[in-house]
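Here the structure is laid out as structure tokens; the discussion comes afterwards.
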Amino acid sequence: TGVHNVRDRIENAQDTTSSGRDKGYLSDEVHMLTKHSVNARVKILEEPPPNVKFLIATTDPQKLLVTVLSRCIKFSLKRLTPEQITGQMQHILGAEQIVYDDEGIEVLARAADGSLRDGLSLLDQAIAHGGGTLRAHEVHAMLGTVERAKVRVLLDILANGDGAGLLDEIESIASFAPD
């Protein structure tokens with residue numbers, strides 16, 4: 002994030018590649034760079050060497066300087082659907098031979114809120130929390146959410162008009178301190 006790092010990268014960008022035709026540089030979360038390091042980067046963005054491609058990524062583009070934004074082609078990436086995140090998690094868990102249940106993955110995919118990176122971070126935490134497996138009840142405990150089965154019980158009690166039973170079940174769920 003510092004000016005020295007940016008200057009080193011700029012000097013390195015001037016050198017030709019030892020293999021391949023182009024060099025590529027990826028900078029993530031560029032809105033976190035200091036003002037001085039961004040200003041140092043503007044020069045190379047104005048006149049990049051012909052063999053160099055820069056990809057800058059941010060989750061907060063409004064924090065970038067107009068001079069930087071004006072020198073970029075902007076691609077707004079859409080959030081992933083829970084199904085896409087679920088599919089990627091299933092692929093990873095299968096490749097790693099980790100035991101899981103579908104509800105656990107679905108809960109994590111919804112909690113990821115469209116971000117695969119956040120979803121994979123939650124997946125790692127859930128596997129550690131579950132002792133090497135991924136089970137819905139462990140995921141709910143980790144996230145502080147209520148399991149579907151408990152919601153169904155609440156709805157059944159409510160449908161039966163059992164006020165006392167409803168209060169007992171609410172108290173039982175509240176003892177887990179869910180979100």
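Numbered according to the working numbering, the sequence shown spans residues 2 to 180.
No residue lacks a Cβ here, since even glycine has one placed at the ideal position from N, Cα and C.
All values reported here derive from a predicted model rather than from experimental measurement.
What first and last residue would you give for the alpha helix (DSSP H) that runs through isoleucine 86? Your numbering for residue 86 matches position 85 in the sequence shown. 83 to 96 is the extent of the alpha helix (DSSP H) around isoleucine 86.
Just to confirm the assignment, what range does the beta strand (DSSP E) spanning lysine 64 have? Locating residue 64 in the sequence shown gives position 63, where the first residue counts as 1. Boundaries for lysine 64: no beta strand (DSSP E) harbours it, and the DSSP string shows neither H nor E there.
With DSSP run on the structure shown, which of helix, strand or coil describes valine 53? Here residue 53 corresponds to residue number 52 of the sequence shown, with the count starting at 1. When secondary structure is reduced to three states using DSSP, valine 53 falls in the strand class.
Output yes or no for whether 9 angstroms exceeds the beta carbon distance between glycine 115 and arginine 149. In the sequence shown, counting from the first residue as 1, residue 115 sits at position 114. In the sequence shown, counting from the first residue as 1, residue 149 sits at position 148. No; because the gap between Cβ atoms is not below 9 angstroms, this pair is not in contact.
Quick check on the DSSP output: the beta strand (DSSP E) that includes lysine 151 runs from which residue to which? Position 150 of the sequence shown, counting from 1, holds the residue named residue 151. In this chain, lysine 151 is not harboured by any beta strand (DSSP E); it is covered by the alpha helix (DSSP H) spanning 149 to 160.
Can you tell me which of the three DSSP states glycine 164 falls into? Taking the first residue of the sequence shown as position 1, residue 164 is located at position 163. DSSP, reduced to helix, strand and coil, places glycine 164 within a helical segment of the structure shown.
Assuming leucine 155 and leucine 167 are in contact, meaning their beta carbons sit under 8 angstroms apart, how far apart are those beta carbons, in whole angstroms? The sequence position of residue 155 within the sequence shown is 154, counting from 1. The sequence position of residue 167 within the sequence shown is 166, counting from 1. The Cβ separation is near 7 angstroms, so the contact holds.
Option in Lys24, Val53, Ser173 and Met33 with minimal Cα separation from leucine 65: Here residue 65 refers to the residue found at position 64 of the sequence shown. Ranking Lys24, Val53, Ser173 and Met33 by Cα distance to leucine 65 puts Met33 first.
Can you tell me where the beta strand (DSSP E) holding serine 28 begins and where it ends? Here the question's residue 28 lines up with position 27 in the sequence shown. For serine 28, the enclosing beta strand (DSSP E) stretches over residues 24 to 28.
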